[in-house]
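In order, the protein sequence lines correspond to chains P and L.
Numbered by our numbering, the letters in the first sequence go through residues 441 to 556 in order.
Numbered by our numbering, the letters in the second sequence go through residues 26 to 141 in order.
Following: one structure in C-alpha cells, then a few remarks.
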Amino acid sequence: DTAVSQTPKYLVTQMGNDKSIKCEQNLGHDTMYWYKQDSKKFLKIMFSYNNKELIINETVPNRFSPKSPDKAHLNLHINSLELGDSAVYFCASSQRGGGASYNEQFFGPGTRLTVL
Amino acid sequence: AQTVTQSQPEMSVQEAETVTLSCTYDTSENNYYLFWYKQPPSRQMILVIRQEAYKQQNATENRFSVNFQKAAKSFSLKISDSQLGDTAMYFCAFMKQGAGAGKSTFGDGTTLTVKP
Numbered sequence: 441d442t443a444v445s446q447t448p449k450y451l452v453t454q455m456g457n458d459k460s461i462k463c464e465q466n467l468g469h470d471t472m473y474w475y476k477q478d479s480k481k482f483l484k485i486m487f488s489y490n491n492k493e494l495i496i497n498e499t500v501p502n503r504f505s506p507k508s509p510d511k512a513h514l515n516l517h518i519n520s521l522e523l524g525d526s527a528v529y530f531c532a533s534s535q536r537g538g539g540a541s542y543n544e545q546f547f548g549p550g551t552r553l554t555v556l
Numbered sequence: 026a027q028t029v030t031q032s033q034p035e036m037s038v039q040e041a042e043t044v045t046l047s048c049t050y051d052t053s054e055n056n057y058y059l060f061w062y063k064q065p066p067s068r069q070m071i072l073v074i075r076q077e078a079y080k081q082q083n084a085t086e087n088r089f090s091v092n093f094q095k096a097a098k099s100f101s102l103k104i105s106d107s108q109l110g111d112t113a114m115y116f117c118a119f120m121k122q123g124a125g126a127g128k129s130t131f132g133d134g135t136t137l138t139v140k141p
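See the structure below:
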C-alpha cells in the first residue's frame, strides 16, 4: 500500500503553462507539506496544511497555490510556469503532537517538473 | 529561525567500514526533534533515525546511531558496517516541538558513496 502518493511523477511543460500536482496520503495524518528540491538537491519547505488549514507559507511566488480539499489531499497548482520552477516537488505528511514518531514526515516519491 | 548545517557535501567509505556524517544546528528552542533522512538514487526520502531533544540517550537503529550533543547543538550520524545500499544523499532535519510545530528545516545534504 502506498502511504503518500503523488501524480504525476514526471511533468514536462512549456513556459507560461499552468499545471497541477496532486498528493494523497492514506496514513490518517493531519498535516501535509510541499517541499521543493532544486538541481543542487537543496530541500526547502513551501507550504504546510494542518486539518485543511494553511499553517506554513514560506516565501513562495503567488503563482504557487496549494489546495487541501480534505485532510488526505494536498494539491499544488502552479500558474504561468517559469524555467526556474524546474525542480523535484515532494509531498509529505505527518501527525502532529506526541513524541518524535508523531512528527516523522513520510514523503511521496516526488514529481520531477521540467519547464522548457 | 532555525538553521541546519551539514559541512560535508560529499563523503566516501569502504564497504564494511564505519563513517560519521556531521550535522550542526542553531536554535533558541529547547524542545525539538532531529531527524536523519536518506535519499537514494531512486529519489525516495526515507527516515533513517530520529531523536527527541529531551532524551539524553542517543538513538540507535541497527547499524545507524547518532551522537546527540544538545549543548553543542550537534547531531552526527554514524553508519557502521557500511553497505553498498547505503549509498545515498543524507539530510539532517530539525523540527520544532509545540506551537508552530510542523515546519522542518533541512540541511543541504551529504552525498555518501560506499565503495566495494
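Ideal Cβ placement from N, Cα and C applies to all residues, glycine included.
Point to revise | Stretch-stretch touch, CB-based, cutoff 8 Å, three pairs: the segment 514-531 of chain P with the segment 449-464 of chain P | key: yes
Review point. Any idea what DSSP makes of residue 521 of chain P, helix, strand or coil?
Key: Coil at residue 521 of chain P, not helix or strand.
**Study point:** residue 472 of chain P and residue 445 of chain P closer than 9 Å at C-beta
**Key:** No; because the gap between Cβ atoms is not below 9 Å, this pair is not in contact.
Point to revise | residue 502 of chain P in three-state terms, based on DSSP | key: coil
Review point. Shorter than 9 Å from the beta carbon of residue 131 of chain L to some beta carbon of chain P?
Key: yes
Point to revise | Cβ neighbour criterion (16 or more within 10 Å) applied to residue 490 of chain P | key: buried
Check your understanding: Measuring CA to CA, which of L:26, L:81, L:43 and L:86 is closest to residue 99 of chain L?
Key -> L:81
Point to revise | Residues near residue 554 of chain P in its chain [Cβ-Cβ closer than 6 Å; skip 5 each side] | key: 452 and 526
Check your understanding: Using the beta-carbon count (16 or more within 10 Å), is residue 121 of chain L buried or exposed?
Key -> Counting Cβ neighbours within 10 Å, residue 121 of chain L comes out buried, since at least 16 surround it.
**Study point:** 8 Å contact criterion, which residue 485 of chain P and residue 498 of chain P should meet: CB distance rounded
**Key:** 6 Å
Practice item. Specify the secondary structure class of residue 515 of chain P as computed by DSSP and reduced to three states. Key: strand
Practice item. Note the first and the last residue of the continuous beta strand (DSSP E) segment covering residue 490 of chain P. Key: 483-490
Point to revise | Exposure of residue 67 of chain L, with buried meaning 16 or more beta-carbon neighbours within 10 Å | key: exposed
Exercise for review: Using alpha carbons as the reference points, say which of L:134, L:55 and L:89 lies closest to residue 97 of chain L.
Suggested key: L:55
Exercise for review: Give a yes or no on whether 9 Å exceeds the smallest Cβ distance from residue 69 of chain L to chain P.
Suggested key: yes
Review point. Under three-state DSSP, which class holds residue 133 of chain L?
Key: coil
Check your understanding: Does the beta carbon of residue 543 of chain P come closer than 9 Å to any beta carbon on chain L?
Key -> yes
Check your understanding: If you count every other CB in all the chains shown that lies within 10 Å of the CB of residue 503 of chain P, and 16 or more means buried, which is it?
Key -> Burial check for residue 503 of chain P: the Cβ neighbour count within 10 Å stays below 16, so the residue is exposed.
Review point. Does any CB atom of chain P fall closer than 9 Å to the CB of residue 62 of chain L?
Key: yes
Point to revise | Three CB pairs or more closer than 8 Å across the segment 132-139 of chain L and the segment 105-117 of chain L | key: yes
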